[in-house]
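Working notes, beginning with the structure itself.
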Amino acid sequence: MTYVTILGSTGAIGTRTLEVLAALGDTYQVAGLAAGRNVELLAEQICRFHPQIVAVADEESRARLLSLLDRSDAPEVLVGDEGLIACASLPAPVVVNAVMGARGILPALAAVRRGARLALANKECLVAAGTFIMREAAAANAEIVPVDSEHCALHQCMQSGRPSEVRRWILTASGGPFRTWRREDLASVTVADALKHPNWNMGKKITVDSATMMNKGLEVIEAHHLFDAPYDKIAVLVHPESIVHSLVEYEDGSLMAQLATHDMRLPIQYAVTYPERVSLPWPRLSLATVGGLTFEEPDVEKFPALRLAMDAGRAGGYAPCVLNAANEVAVDAFLRNQISYSRITSLVSEVLDDLHSGSPSSIDDVLHMDGLARERARLLLTKG
Numbered sequence: 001m002t003y004v005t006i007l008g009s010t011g012a013i014g015t016r017t018l019e020v021l022a023a024l025g026d027t028y029q030v031a032g033l034a035a036g037r038n039v040e041l042l043a044e045q046i047c048r049f050h051p052q053i054v055a056v057a058d059e060e061s062r063a064r065l066l067s068l069l070d071r072s073d074a075p076e077v078l079v080g081d082e083g084l085i086a087c088a089s090l091p092a093p094v095v096v097n098a099v100m101g102a103r104g105i106l107p108a109l110a111a112v113r114r115g116a117r118l119a120l121a122n123k124e125c126l127v128a129a130g131t132f133i134m135r136e137a138a139a140a141n142a143e144i145v146p147v148d149s150e151h152c153a154l155h156q157c158m159q160s161g162r163p164s165e166v167r168r169w170i171l172t173a174s175g176g177p178f179r180t181w182r183r184e185d186l187a188s189v190t191v192a193d194a195l196k197h198p199n200w201n202m203g204k205k206i207t208v209d210s211a212t213m214m215n216k217g218l219e220v221i222e223a224h225h226l227f228d229a230p231y232d233k234i235a236v237l238v239h240p241e242s243i244v245h246s247l248v249e250y251e252d253g254s255l256m257a258q259l260a261t262h263d264m265r266l267p268i269q270y271a272v273t274y275p276e277r278v279s280l281p282w283p284r285l286s287l288a289t290v291g292g293l294t295f296e297e298p299d300v301e302k303f304p305a306l307r308l309a310m311d312a313g314r315a316g317g318y319a320p321c322v323l324n325a326a327n328e329v330a331v332d333a334f335l336r337n338q339i340s341y342s343r344i345t346s347l348v349s350e351v352l353d354d355l356h357s358g359s360p361s362s363i364d365d366v367l368h369m370d371g372l373a374r375e376r377a378r379l380l381l382t383k384g
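If you're matching positions, the sequence shown starts at 1 in UniProt numbering and goes up one per residue.
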């Protein structure tokens with residue numbers, strides 16, 4: 001029996017993880033679930049999967065959840081960041097971290113410090129605090145198996161050779177909904193436009209990040225930490241079909257690629273069952289049906305967020321943390337129709353200019369700077 005804890009159970013990754021666990025059968029069971037405020041869905045998950053502990057965003061959500069449950073059979077219900085950390089600290093050998101944003105940092109640390117496998121779907125925690133999380137994982141001999149389709153693909157391609165033999169790690173990008181738009185037309189982008197991803201059905205924040213291509217820049221920083229990859233050996237290649245999820249080029253010229261359908265259940269399943277591969281009833285890829293695959297270089301003039309993120313990664317220190325925090329505030333403001341699409345990247349750039357210097361010496365330093373960057377971004381929002 002393998003117990004799994006899911007942080008972010010009511011989101012896109014969390015719900016698909018529960019689909020995977022249900023398909024895997026009785027050999028996998030749920031230990032804990034953490035959600036935000038969608039307590040109606042969480043109540044359904046509790047009734048089906050019977051976790052020991054659950055966590056919700058706040059006391060109001062806790063009260064609403066308890067009103068939906070049979071009190072005689074209800075799990076312990078915890079609140080806030082303490083609840084997230086408590087769920088991650090349960091003695092489950094696998095923790096799926098699908099919490100959005102920097103809130104995923106502390107539960108990620110709690111999981112790896114006790115030697116659990118971290119099935120990581122939260123790229124932001126490595127962007128902001130990758131040095132510390134990877135150091136703690138190494139000290140506790142904890143595995144980090146990525147759930148992001150691109151990093152999961154790299155993880156699989158890395159099975160073909162030694163890290164010292166890698167010439168390039170190549171992350172593919174769909175190009176998002178604006179790949180074929182003219183640069184001058186991006187001034188009229190609406191929230192609805194940005195949320196029309198051509199291939200993937202994801203949460204709103206990550207979908208907007210895909211539209212700006214900030215998401216791919218964050219993934220470059222994540223790949224740097226996951227694979228100890230020098231930035232000059234990480235490349236981005238636009239691949240509109242999103243069939244090749246990423247590639248690894250080896251020194252002998254061989255390119256190893258991982259191909260699959262647009263189905264997040266596949267990388268989730270890989271991260272949970274690794275190193276085993278299990279046959280589950282998901283749709284299979286038919287290359288004959290796909291027909292052709294195309295690739296092109298990214299346009300960093302049209303998508304300046306990609307270059308901004310890659311530059312922040314190379315700069316190191318506080319820069320990736322500031323980048324991530326400011327971007328979260330900017331995307332939230334865009335989704336609320338408070339700023340334009342183009343203002344997202346310029347706002348992040350302004351915050352970086354103000355706060356990029358210095359380096360953290362502890363996780364507390366990272367969290368402090370995360371807060372400062374959010375405050376600065378909100379202040380700039382009020383100034384227009």
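Don't be surprised by glycine CBs; every beta carbon is placed ideally from N, CA and C.
Review point. If we call anything under 8 Å between Cβ atoms a contact, is Arg28 one with Val145?
Key: Translated into the one-based positions of the sequence shown, residue 28 becomes position 28. Translated into the one-based positions of the sequence shown, residue 145 becomes position 145. This sequence places Tyr at residue 28; Arg is not what is there. No.
Exercise for review: Give me the Cα-Cα distance between Glu82 and Ala119, rounded to the nearest whole angstrom.
Suggested key: Position 82 of the sequence shown, counting from 1, holds the residue named residue 82. Position 119 of the sequence shown, counting from 1, holds the residue named residue 119. When rounded, the distance between both Cα atoms is 20 Å.
Practice item. For the alpha helix (DSSP H) containing Glu76, list its first residue and its last residue. Key: The residue labelled residue 76 in the question sits at position 76 within the sequence shown. In this chain, Glu76 is not harboured by any alpha helix (DSSP H); it is covered by the beta strand (DSSP E) spanning 76 to 79.
**Study point:** Three or more C-beta pairs below 8 Å linking the stretch 133 to 140 and the stretch 103 to 122
**Key:** The stretch 133 to 140 is in contact with the stretch 103 to 122.
Practice item. Quick one: measure Cβ to Cβ for Leu33 and Ile6, integer angstroms, because I've assumed they're closer than 8 Å. Key: Locating residue 33 in the sequence shown gives position 33, counting from the first residue. Locating residue 6 in the sequence shown gives position 6, counting from the first residue. Between the beta-carbon of Leu33 and that of Ile6 there is about 6 Å, and that keeps the pair under the 8 Å contact cut.
Practice item. Throw me the rounded Cβ distance for the Val77 and Val54 pair, which I believe falls under 8 Å. Key: Here residue 77 refers to the residue found at position 77 of the sequence shown. Here residue 54 refers to the residue found at position 54 of the sequence shown. Rounded, the Cβ-Cβ distance is 5 Å, consistent with contact.
Point to revise | Residue from Ala88, Ala315, Glu251, Arg277 whose Cα sits closest to the Cα of Gly358 | key: Taking the sequence shown and counting its residues from 1, the one referred to as residue 358 is at position 358. For the residues Ala88, Ala315, Glu251, Arg277, the minimum Cα distance to Gly358 belongs to Ala315.
**Study point:** Pairwise C-alpha distance: Asn38 and Ala63
**Key:** Looking up residue 63 in the sequence shown gives position 63. Looking up residue 38 in the sequence shown gives position 38. Distance between the alpha carbons of Ala63 and Asn38: 12 Å.
**Study point:** In DSSP terms, what Ala55 is bridged to
**Key:** Locating residue 55 in the sequence shown gives position 55, where the first residue counts as 1. Looking at the DSSP assignment, Ala55 forms a beta bridge with Ala34, Leu78.
Check your understanding: What do you get for Val214, buried or exposed, if any count of 16 or more other CB atoms within 10 angstroms of its CB means buried?
Key -> For the purposes of this step, residue 214 is taken as the residue at position 214 of the sequence shown. Checking the displayed sequence, the identity of residue 214 turns out to be Met instead of Val. By the C-beta density criterion, Met214 is buried, having at least 16 other C-beta atoms within 10 angstroms.
Exercise for review: Excluding the 5 residues preceding and the 5 following Val322 in the sequence, name in chain order all residues of the same chain whose CB lies nearer than 7 Å to its CB.
Suggested key: What you label residue 322 is simply residue 322 of the sequence shown in a count that begins at 1. Closer than 7 Å at Cβ, skipping near neighbours: Val351, Leu352, Leu355, His356, Met369, Ala373.
**Study point:** Cα-Cα separation, Ile105 to Leu84
**Key:** Numbered from 1 along the sequence shown, position 105 holds the residue referred to as residue 105. Numbered from 1 along the sequence shown, position 84 holds the residue referred to as residue 84. Going by the C-alpha atoms only, they are around 10 Å apart.
**Study point:** Simplified DSSP assignment, three categories, for Pro275
**Key:** Start at 1 with the first residue of the sequence shown, and residue 275 comes out as number 275. Three-state DSSP puts Pro275 in coil, outside helix and strand.
Review point. Under three-state DSSP, which class holds Ser361?
Key: As a first step, residue 361 is located in the sequence shown; it is residue number 361 there, counting from the start. In the three-state reduction of the DSSP assignment, Ser361 falls in the coil class.
**Study point:** Residues bridged to Trp169 (per DSSP)
**Key:** The residue labelled residue 169 in the question sits at position 169 within the sequence shown. Residue pairing of Trp169 in beta bridges, as defined by DSSP: Ile234, Val248.
Practice item. Measure the C-alpha to C-alpha separation of Pro320 and Ala128 and round it to an integer number of angstroms. Key: In the sequence shown, residue 320 corresponds to position 320, counting from 1. In the sequence shown, residue 128 corresponds to position 128, counting from 1. Distance between Pro320 and Ala128, taken at the CA atoms: about 6 Å.
Check your understanding: Who are the near neighbours of Ala153 in its chain, counting only those whose CB is closer than 6 Å to its CB and skipping five residues on each side?
Key -> Counting from 1 along the sequence shown, the entry for residue 153 is found at position 153. Cβ neighbours of Ala153 beyond the five flanking positions: His245, Ser246, Gln258.
Practice item. Please name the residue or residues paired with Arg117 in a DSSP beta bridge. Key: Stepping through the sequence shown from its first residue, residue 117 is reached at position 117. According to DSSP, which records beta bridges pairwise, Arg117 is partnered with Val94.
Practice item. Output yes or no for whether 8 Å exceeds the beta carbon distance between Val348 and Ala333. Key: Residue 348 sits at position 348 when you count from the first residue of the sequence shown. Residue 333 sits at position 333 when you count from the first residue of the sequence shown. No, they are not a contact pair.
Point to revise | Beta-carbon spacing of Ala92, Ala121 below 8 Å | key: Indexing the sequence shown from 1 puts residue 92 at position 92. Indexing the sequence shown from 1 puts residue 121 at position 121. Taking C-beta atoms as the reference points, Ala92 and Ala121 fail to come closer than 8 Å.
Review point. Distance, Cα to Cα, Ala43 vs Asp252?
Key: Within the sequence shown, the letter at position 43 stands for residue 43. Within the sequence shown, the letter at position 252 stands for residue 252. Computed Cα separation, rounded: 53 Å.
Practice item. Go ahead and pull the three-state DSSP assignment for Glu124. Key: Within the sequence shown, numbered from 1, the residue matching residue 124 stands at position 124. Helix, per DSSP.
Practice item. Check each candidate in Tyr341, Val329, Pro360, Val220 and name the one with the smallest Cα separation from Arg376. Key: On the sequence shown, position 376 is the one that residue 376 refers to. Residue Val329 is the option with its Cα nearest to Arg376.
Practice item. Determine the contact status of Val147 and Val4, defining contact as a CB-CB distance below 8 Å. Key: On the sequence shown, residue 147 is found 147 positions in, with the first residue counted as 1. On the sequence shown, residue 4 is found 4 positions in, with the first residue counted as 1. In this structure, Val147 keeps its C-beta atom at 8 Å or more from the C-beta atom of Val4.
Point to revise | Simplified DSSP assignment, three categories, for Thr212 | key: Position 212 of the sequence shown holds residue 212. Reduced to three states, the DSSP call for Thr212 is helix.
**Study point:** Anticipated Cβ contact below 8 Å, Gln269 with Val20, distance rounded
**Key:** Residue numbering aside, residue 269 sits at position 269 when the sequence shown is read from its first letter. Residue numbering aside, residue 20 sits at position 20 when the sequence shown is read from its first letter. Right, the Cβ-Cβ distance comes to about 5 Å (below 8 Å), so this counts as a contact.
Exercise for review: Would you give the residue range spanned by the alpha helix (DSSP H) that Tyr341 belongs to?
Suggested key: Start at 1 with the first residue of the sequence shown, and residue 341 comes out as number 341. Note, Tyr341: alpha helix (DSSP H), 341 to 355.
Exercise for review: Starting from Ala43, follow the alpha helix (DSSP H) in both directions and report where the run begins and ends.
Suggested key: Your numbering for residue 43 matches position 43 in the sequence shown. 39 to 49 is the span of the alpha helix (DSSP H), which, as asked, contains Ala43.
Review point. Who are the near neighbours of Lys123 in its chain, counting only those whose CB is closer than 7 Å to its CB and skipping five residues on each side?
Key: Reading the sequence shown from its first residue, position 123 is the one you call residue 123. Same-chain partners within the cutoff: Asp148, Leu218, Glu219, Glu222.
Point to revise | Whole-Å CB distance - Leu335 paired with Val166, under 8 Å assumed | key: Mapped onto the sequence shown, residue 335 falls at position 335. Mapped onto the sequence shown, residue 166 falls at position 166. Leu335 to Val166, Cβ: 37 Å. No contact.
**Study point:** Thr2 - DSSP class collapsed to helix/strand/coil
**Key:** Residue 2 sits at position 2 when you count from the first residue of the sequence shown. Note: Thr2 maps to strand in three-state DSSP.
**Study point:** Endpoints, the alpha helix (DSSP H) within which Val329 is located
**Key:** In the sequence shown, counting from the first residue as 1, residue 329 sits at position 329. Segment 319 to 335, the alpha helix (DSSP H) holding Val329.
Check your understanding: Which ranges does the beta strand (DSSP E) cover as unbroken runs of at least 3 residues, wholly within the stretch 135 to 202, from first to last along the chain?
Key -> At a cut-off of 3 residues, the continuous stretches assigned as beta strand (DSSP E) that sit fully inside the stretch 135 to 202 are 144 to 146, 166 to 173.
Practice item. Reducing DSSP to helix, strand and coil, say where Glu222 ends up. Key: Along the sequence shown, read from residue 1 onward, the residue named residue 222 stands at position 222. In this structure, Glu222 counts as helix in the three-state DSSP scheme.
**Study point:** Lys216 burial status per 10 Å Cβ neighbour count (16 or more: buried)
**Key:** Stepping through the sequence shown from its first residue, residue 216 is reached at position 216. A residue is called buried when at least 16 other Cβ atoms come within 10 angstroms of its Cβ; Lys216 meets this threshold and is buried.
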